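Visitor:
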Amino acid sequence: MTEVRAVVATGKGAPVEVVDIRVPDPGPGEAVVRVQACGVCHTDLHYREGGINDDYPFLLGHEAAGVVEAVGDGVHDVEPGDFVVLNWRAVCGVCRACKRGRPQYCFDTHNASQPMTLTDGTPLSPALGIGAFAEKTLVHAGQCTKVDPAARAAVVGLLGCGVMAGIGAAVNTGGAGPGDTVAVIGCGGVGDGAVAGANLAGARRIIAVDTDPAKLEWAKQFGATHTVNASEADTVAAIRDLTGGFGADIVIDAVGVPATYQQAFYARDLAGTVVLVGVPTPDMKLELPLQDVFSRGGSLKSSWYGDCLPSRDFPMLTELYQQGKLPLEKFVTEEISLDQVESAFAKMHDGEVLRSVVVF
10 MTEVRAVVAT GKGAPVEVVD IRVPDPGPGE AVVRVQACGV CHTDLHYREG
60 GINDDYPFLL GHEAAGVVEA VGDGVHDVEP GDFVVLNWRA VCGVCRACKR
110 GRPQYCFDTH NASQPMTLTD GTPLSPALGI GAFAEKTLVH AGQCTKVDPA
160 ARAAVVGLLG CGVMAGIGAA VNTGGAGPGD TVAVIGCGGV GDGAVAGANL
210 AGARRIIAVD TDPAKLEWAK QFGATHTVNA SEADTVAAIR DLTGGFGADI
260 VIDAVGVPAT YQQAFYARDL AGTVVLVGVP TPDMKLELPL QDVFSRGGSL
310 KSSWYGDCLP SRDFPMLTEL YQQGKLPLEK FVTEEISLDQ VESAFAKMHD
360 GEVLRSVVVF
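For reference, each letter of the sequence shown is one residue, going 10 to 369 in the numbering used here.
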């Protein structure tokens, strides 16, 4: 058992607190990771606001990289000293998806069995089964993905969630490739990840859509060839104008509200693909004419974590970053300390940053 400093959300909408928590020694199948860096993601804010569930107190943070400090019995894939990026979909290997050779869709992913707690013994709910706004965290060993230790933790840790979700939405789910036209609606961390993924895949035209001019400028850094300010132009008409009147081959909705999904649906070419990677809330409803669904053909897809397989994708994307082919470093707007997470939430909410990263 170890005591460390960590960021905890104690109640809905309440400012987060930096407190001491207890991290157990790893049990069978578990690992303790000394966190080196952790990005501030919208999902952490959703947890604080009660948008995920009400299992307070939450141990926040999940976009993280660090070094394995200890492992429990039965752990063979990682060992103390390994530099890892943490993932929230440790595959089980035995569910029906895994047995069919589709582990990226694993229906029974793993987390650590033991709880981390407050010093009074109150169990904590770790964000996405990770809880990495902490000097150390306890995870399932399958949540540790080894990458090149020469990579910067503050950069590659972002592969743990939003950036991977975006890249994967374009490459894995959307199947973007050379010559394709891709439109991305919503240019925060996930949307810019999708832009970067489309660029990496060789798309010939990448259209970034947002209502914030600053975010549209950010999107250009990741490969957007055209931008559309949705507060000044009709999104569907603008995307059609930029694609010869046809619509894009792939349209990625990185916002996740009915209005942007409908825009994505009608902004794609015939037989085109819509990818939903923005996360809707439980109360949202979508209404589309079924005749339009049939007559337009193509695919309507949802992207879970960018349909990634961490053991395959994290090392590959880390290598591409180190080769200068994937500008992951441009996602990092600022590096902050643990006690600046609350102010980072405010900056993120106001659109002032792409990613704040806590560095230990």
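Virtual Cβ for every residue (Gly too), placed ideally from N, Cα, C.
The structure presented is a predicted model; accordingly, all values stated were derived computationally and were not measured.
Does the segment 142–149 come within contact of the segment 276–287, defined as at least 3 CB pairs closer than 8 Å?
Guide: Taking 8 Å as the limit for Cβ pairs, the verdict is that the segment 276–287 does not touch the segment 142–149.
Visitor: Entirely within the segment 225–280 and at least 3 residues each: give me those beta strand (DSSP E) ranges in chain order.
Guide: Runs of the beta strand (DSSP E) inside the segment 225–280: 235–238 and 257–262.
Visitor: With the cut-off set at 8 Å, would you say Leu-279 and Gly-306 are in Cβ contact?
Guide: In the sequence shown, counting from the first residue as 1, residue 279 sits at position 270. In the sequence shown, counting from the first residue as 1, residue 306 sits at position 297. Yes.
Visitor: Measuring only the C-alpha atoms, how far is Ser-312 from Ala-163?
Guide: Numbered from 1 along the sequence shown, position 303 holds the residue referred to as residue 312. Numbered from 1 along the sequence shown, position 154 holds the residue referred to as residue 163. Each residue's Cα considered, the two are about 25 Å apart.
Visitor: Identify the continuous alpha helix (DSSP H) that holds Ser-352 and give its terminal residues.
Guide: By one-based count along the sequence shown, residue 352 stands at place 343. Where Ser-352 is concerned, the enclosing alpha helix (DSSP H) stretches over 350–358.
Visitor: With 16 as the cutoff for other CB atoms within 10 Å, does Asp-86 come out buried or exposed?
Guide: Start at 1 with the first residue of the sequence shown, and residue 86 comes out as number 77. That one is exposed.
Visitor: What is the DSSP secondary structure of Gln-332, reduced to helix, strand or coil?
Guide: Taking the sequence shown and counting its residues from 1, the one referred to as residue 332 is at position 323. In this structure, Gln-332 counts as coil in the three-state DSSP scheme.
Visitor: Check for me: the alpha helix (DSSP H) holding Ile-139 runs from which residue to which?
Guide: Within the sequence shown, the letter at position 130 stands for residue 139. Segment: none, Ile-139 is in no alpha helix (DSSP H) and carries neither H nor E.
Visitor: Considering just the uninterrupted stretch of the beta strand (DSSP E) at His-149, what are its terminal residues?
Guide: Stepping through the sequence shown from its first residue, residue 149 is reached at position 140. Taken as a continuous stretch (DSSP letters only), the beta strand (DSSP E) holding His-149 covers 145–149.
Visitor: Let me confirm a value: Met-293 is counted as buried when at least 16 other C-beta atoms fall within 10 Å, else exposed. Which label applies?
Guide: On the sequence shown, position 284 is the one that residue 293 refers to. Met-293 should be labelled exposed.
Visitor: Give me whichever residues DSSP pairs with Val-165 in a beta bridge.
Guide: By 1-based counting over the sequence shown, the position of residue 165 is 156. Val-165 is not bridged to any residue.
Visitor: Is Phe-303 buried or exposed, if buried means 16 or more other CB atoms sit within 10 Å of its CB?
Guide: Translated into the one-based positions of the sequence shown, residue 303 becomes position 294. Phe-303 should be labelled exposed.
Visitor: Could you pull out every residue in the same chain whose Cβ sits closer than 6 Å to the Cβ of Leu-319, ignoring the five residues on either side in sequence?
Guide: Residue numbering aside, residue 319 sits at position 310 when the sequence shown is read from its first letter. Sequence check: residue 319 is Pro here, not Leu. Cβ within range, chain order: Asn-96 and Thr-154.
Visitor: The beta strand (DSSP E) spanning Ala-192 covers which residue range?
Guide: Against the sequence shown, residue 192 aligns to sequence position 183. From DSSP, the beta strand (DSSP E) with Ala-192 extends over 190–194.
Visitor: With Leu-363 and Asp-201 assumed to form a contact (beta carbons below 8 Å), what rounded beta-carbon distance in angstroms separates them?
Guide: On the sequence shown, residue 363 is found 354 positions in, with the first residue counted as 1. On the sequence shown, residue 201 is found 192 positions in, with the first residue counted as 1. Yes, Leu-363 and Asp-201 are in contact; Cβ-Cβ is about 7 Å, under 8 Å.
Visitor: Taking Asp-117 as the reference, which of Leu-133, Val-100 and Gly-130 has the closest Cα?
Guide: Locating residue 117 in the sequence shown gives position 108, where the first residue counts as 1. Nearest of Leu-133, Val-100 and Gly-130 to Asp-117, Cα basis: Val-100.
Visitor: Taking the alpha-carbon of Phe-354 as reference, which of His-51, Met-10 and Gly-59 has the nearest alpha-carbon?
Guide: Mapped onto the sequence shown, residue 354 falls at position 345. Cα-wise, what sits closest to Phe-354 is His-51.
Visitor: Taking the alpha-carbon of Ile-215 as reference, which of Asn-62, Val-368, Ile-30 and Ala-203 has the nearest alpha-carbon?
Guide: Within the sequence shown, residue 215 is the residue found at index 206, counting from 1. For Ile-215, the nearest C-alpha among the options comes from Ala-203.
Visitor: Among Lys-310, Pro-89, Gln-271 and Val-77, which one has its Cα closest to the Cα of Pro-298?
Guide: Working through the sequence shown from its first residue, we reach residue 298 at position 289. Answer by Cα proximity: Gln-271.
Visitor: Could you check whether the segment 41–60 touches the segment 68–77, counting it as contact only if at least three pairs of C-beta atoms, one from each stretch, sit closer than 8 Å?
Guide: Cβ pair count under 8 Å is three or more, so yes.
Visitor: I'd like to check one pair, Leu-68 with Ala-23: are the Cβ atoms closer than 8 Å?
Guide: If you number the sequence shown from 1, residue 23 lands on position 14. If you number the sequence shown from 1, residue 68 lands on position 59. Their beta carbons are not under 8 Å apart, which means Ala-23 does not touch Leu-68 by this criterion.
Visitor: Excluding sequence positions up to five away, which residues of its chain have a Cβ less than 6 Å from the Cβ of Gln-152?
Guide: As a position in the sequence shown, residue 152 is number 143, starting the count at 1. Leu-95, Asn-96 and Ala-99.
Visitor: Note the first and the last residue of the continuous alpha helix (DSSP H) segment covering Asp-201.
Guide: The residue you call residue 201 lines up with position 192 of the sequence shown. Counting along the chain, the alpha helix (DSSP H) containing Asp-201 begins and ends at 198–209.
Visitor: Go ahead and label Met-10 buried or exposed: buried means 16 or more other beta carbons lie within 10 angstroms of its beta carbon, across all protein chains shown.
Guide: Residue 10 sits at position 1 when you count from the first residue of the sequence shown. Classification of Met-10: exposed, given that the 10 Å Cβ count is below 16.
Visitor: At the level of alpha carbons, what is the spacing between Tyr-114 and Ala-106?
Guide: By 1-based counting over the sequence shown, the position of residue 114 is 105. By 1-based counting over the sequence shown, the position of residue 106 is 97. Cα to Cα, the separation comes out at about 6 Å.
Visitor: Kindly indicate which residue of Leu-209, Gly-197 and Pro-37 has the alpha-carbon position closest to the one of Thr-220.
Guide: Taking the sequence shown and counting its residues from 1, one reaches residue 220 at position 211. Thr-220 has its Cα closest to that of Gly-197, out of Leu-209, Gly-197 and Pro-37.
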